[in-house]
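One rule links them: number in the working numbering = place in the sequence shown (from 1) + 222.
Beta carbons: idealized from backbone N, C-alpha and C, even for Gly.
Treat the numbers as computed from the prediction; the structure is a model and nothing was measured.
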Amino acid sequence: MIEASMHIPPGYATFISSAIRKAVDLPVVGVGRFKDPLQAERALAEGHCDLVGIVRGQIADADFAAKARAGATDDIRLCLSCNQECVGRMGLNRWLGCIENPRTGRENEWRVNDHLAITAKPKKVMIAGAGPAGLQAAIAAARKGHQVTVYEKETVAGGQVRIAASVPNRAEFGDMIRNQLTECARLGVTIIYGSGVWPGLIEEQKPDHVIVATGAEPSRPWWVADPEHDESALRVCDVRAILDGSAPMGGPQSGDSVVIVDEIGFHHATSTAEVLADRGCVVEIVTPGMVVGQDLGITLDMENWWIRAGAKGIVQTTDLVPMGFANGELTLLHHPTGINQTRHPEWVVLAVPPNPVEWLYNDLKNAGVSVERVGDCVAPRRAHAAVVEGERAGSSV
């Protein structure tokens with residue numbers, strides 16, 4: 223096991239370096255998910271190794287060692303071990319990146335010290351949304367000396383990242399938002415919770431520039447019946463509703479049969495399946511693809527997912543395209559043969575592409591406000607795209 227993801231405990235390979243060190247009279251380097259300096263120091267103090275090798279941690283924060291030496295461990299941007307932009311990109315024969323650090327691999331786009339340049343004309347910047355895109359835009363703008371205020375309609379920051387981190391074994395994904403909030407606090411960014419942004423607020427606050435990061439909302443596929451005319455359609459919901467507890471009627475309960483439709487091919491369907499299986503549901507994932515959660519292979523999560531799914535009785539069925547859900551019957555087209563199959567689940571859970579929440583951006587643009595948008599309200603993608611766009615928007619103010 224190399225470059226283990228967040229499903230594997232930090233320091234998972236320490237026992238190997240410890241055993242080797244007892245058998246040889248040579249310096250031994252310990253590696254494997256060392257996330258922070260305290261963990262590394264403990265491995266050294268307990269005699270497990272003579273040196274510690276940290277790779278992904280320094281991709282996430284190039285100043286990892288300098289901050290550790292200065293005792294500023296709280297300022298370190300901790301690696302998530304998500305493998306999405308480092309190991310995942312290298313596996314695709316692409317240049318290395320980092321889901322949290324937008325400058326990794328883009329050094330030609332941003333000169334090494336350009337982020338240290340303070341503007342001579344500070345502006346009042348308003349940001350709508352405290353997800354990864356909005357927070358990164360706030361960091362980049364505040365770093366240049368602008369007065370930045372972020373408005374978040376929820377009572378906590380994080381957007382979809384916060385929801386994703388609620389899944390067992392993926393709590394570390396929430397470190398992305400914690401790292402961003404730490405940086406925002408250091409730079410003096412004001413975050414106002416429980417308040418969205420609307421045109422009237424713009425007129426009242428009169429910002430010089432607005433960055434819209436309102437994210438995306440669940441979509442309702444064409445093949446789902448209208449719940450006003452078909453009560454069974456009330457039991458169709460998005461994976462977000464399962465994870466945040468907003469599913470109708472409390473969502474699937476122990477003993478319920480659930481079909482999860484995976485049209486994204488990542489953690490959305492697989493993580494939700496585990497949550498429901500742990501709840502006691504009978505779970506099947508269907509996908510038009512050749513494999514469920516196909517992109518888990520890129521991040522080295524696939525093998526462990528198969529083991530967990532098998533142990534939890536999760537059924538995986540491929541090559542099936544949803545064609546309709548009405549009167550409690552789910553029709554699925556087996557596209558290699560053209561033959562229809564049917565299921566009669568008590569719940570259908572959707573892991574399908576969402577829709578951008580773009581009304582605010584459109585209204586402000588039409589009103590002539592200095593505005594731009596970043597993240598999923600441009601087009602729903604993964605967190606790294608949101609972070610990169612936030613950095614670009616904030617840096618360009």
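Can you give the Cα-Cα distance for residue i and residue j, rounded to whole angstroms?
{"i": "glycine 515", "j": "aspartate 484", "result": "7 Å"}
{"i": "proline 440", "j": "proline 602", "result": "10 Å"}
{"i": "glycine 233", "j": "histidine 270", "result": "11 Å"}
{"i": "glycine 353", "j": "isoleucine 486", "result": "20 Å"}
{"i": "glutamate 435", "j": "valine 251", "result": "The residue you asked about is not glutamate; residue 435 is alanine in the sequence shown. Rounded to whole angstroms, alanine 435 to valine 251 spans 43 Å at the Cα level."}
{"i": "alanine 363", "j": "glutamine 280", "result": "24 Å"}
{"i": "valine 370", "j": "alanine 360", "result": "6 Å"}
{"i": "valine 610", "j": "valine 378", "result": "22 Å"}
{"i": "alanine 245", "j": "aspartate 272", "result": "13 Å"}
{"i": "methionine 312", "j": "glutamate 225", "result": "12 Å"}
{"i": "leucine 409", "j": "alanine 290", "result": "20 Å"}
{"i": "threonine 553", "j": "serine 227", "result": "36 Å"}
{"i": "cysteine 503", "j": "alanine 265", "result": "41 Å"}
{"i": "alanine 235", "j": "histidine 229", "result": "14 Å"}
{"i": "glycine 550", "j": "methionine 471", "result": "16 Å"}
{"i": "isoleucine 536", "j": "glutamate 506", "result": "6 Å"}
{"i": "valine 253", "j": "glutamine 261", "result": "11 Å"}
{"i": "isoleucine 238", "j": "tryptophan 528", "result": "25 Å"}
{"i": "glutamine 538", "j": "glutamate 580", "result": "35 Å"}
{"i": "valine 383", "j": "alanine 438", "result": "12 Å"}
{"i": "valine 591", "j": "phenylalanine 488", "result": "37 Å"}
{"i": "aspartate 460", "j": "glycine 310", "result": "26 Å"}
{"i": "tryptophan 444", "j": "isoleucine 242", "result": "59 Å"}
{"i": "threonine 540", "j": "valine 277", "result": "36 Å"}
{"i": "proline 249", "j": "proline 558", "result": "56 Å"}
{"i": "proline 259", "j": "alanine 387", "result": "23 Å"}
{"i": "glutamate 376", "j": "tryptophan 420", "result": "15 Å"}
{"i": "isoleucine 424", "j": "glycine 381", "result": "22 Å"}
{"i": "arginine 595", "j": "methionine 545", "result": "34 Å"}
{"i": "aspartate 598", "j": "serine 240", "result": "45 Å"}
{"i": "cysteine 320", "j": "cysteine 308", "result": "6 Å"}
{"i": "leucine 456", "j": "alanine 469", "result": "10 Å"}
{"i": "valine 274", "j": "alanine 287", "result": "12 Å"}
Which partner residues of residue i appear in the DSSP bridge assignment?
{"i": "arginine 442", "result": "BP columns for arginine 442 are empty, so no partner."}
{"i": "alanine 548", "result": "Glu551"}
{"i": "asparagine 620", "result": "Nothing can be reported for residue 620: it is not among the residues displayed for the chain, which extend from 223 to 619."}
{"i": "valine 378", "result": "Answer by DSSP bridge pairing: none, since valine 378 is not bridged."}
{"i": "cysteine 304", "result": "In DSSP, cysteine 304 forms no bridge with anything."}
{"i": "arginine 595", "result": "Val434"}
{"i": "threonine 412", "result": "Thr371"}
{"i": "leucine 542", "result": "His556"}
What first and last residue would you give for the alpha helix (DSSP H) that runs through residue i?
{"i": "alanine 288", "result": "286-291"}
{"i": "asparagine 588", "result": "581-588"}
{"i": "methionine 524", "result": "524-533"}
{"i": "cysteine 406", "result": "397-409"}
{"i": "glutamine 358", "result": "354-365"}
{"i": "serine 479", "result": "Premise fails: serine 479 lies in the beta strand (DSSP E), 479-484, not in any alpha helix (DSSP H)."}
{"i": "valine 508", "result": "That residue, valine 508, is in no alpha helix (DSSP H); its beta strand (DSSP E) goes 504-508."}
{"i": "threonine 312", "result": "The amino acid occupying residue 312 in the given sequence is methionine; threonine does not appear at that position. Taken as a continuous stretch (DSSP letters only), the alpha helix (DSSP H) holding methionine 312 covers 309-313."}
{"i": "histidine 489", "result": "489-500"}
{"i": "alanine 608", "result": "605-617"}
Note the first and the last residue of the continuous beta strand (DSSP E) segment covering residue i.
{"i": "leucine 346", "result": "Contrary to the premise, residue 346 reads as lysine rather than leucine in this sequence. Start and end: 346-350."}
{"i": "glutamine 369", "result": "369-374"}
{"i": "leucine 572", "result": "569-573"}
{"i": "histidine 628", "result": "Any property of residue 628 remains undetermined from this structure, which presents the chain solely from 223 to 619."}
{"i": "isoleucine 276", "result": "Counting along the chain, isoleucine 276 falls outside any beta strand (DSSP E), and DSSP gives it neither H nor E."}
{"i": "valine 419", "result": "Neither: valine 419 is in no beta strand (DSSP E) and is coded neither H nor E."}
{"i": "threonine 564", "result": "561-565"}
{"i": "valine 458", "result": "458-460"}
{"i": "valine 537", "result": "537-539"}
Around the Cβ of residue i, are there at least 16 other Cβ atoms within 10 angstroms (buried) or fewer (exposed)?
{"i": "phenylalanine 256", "result": "buried"}
{"i": "tryptophan 317", "result": "exposed"}
{"i": "leucine 465", "result": "buried"}
{"i": "serine 493", "result": "buried"}
{"i": "glutamine 306", "result": "buried"}
{"i": "glutamate 268", "result": "exposed"}
{"i": "asparagine 584", "result": "exposed"}
{"i": "glutamine 475", "result": "exposed"}
{"i": "proline 390", "result": "exposed"}
{"i": "leucine 586", "result": "buried"}
{"i": "glycine 473", "result": "buried"}
{"i": "histidine 451", "result": "exposed"}
{"i": "valine 315", "result": "A quick correction: the sequence has asparagine, not valine, at residue 315. It is exposed - the Cβ of asparagine 315 has fewer than 16 other Cβ atoms within 10 Å."}
Note down, one range per segment and in chain order, each alpha helix (DSSP H) of at least 4 residues found wholly within the segment 233-268. 236-245 and 259-267
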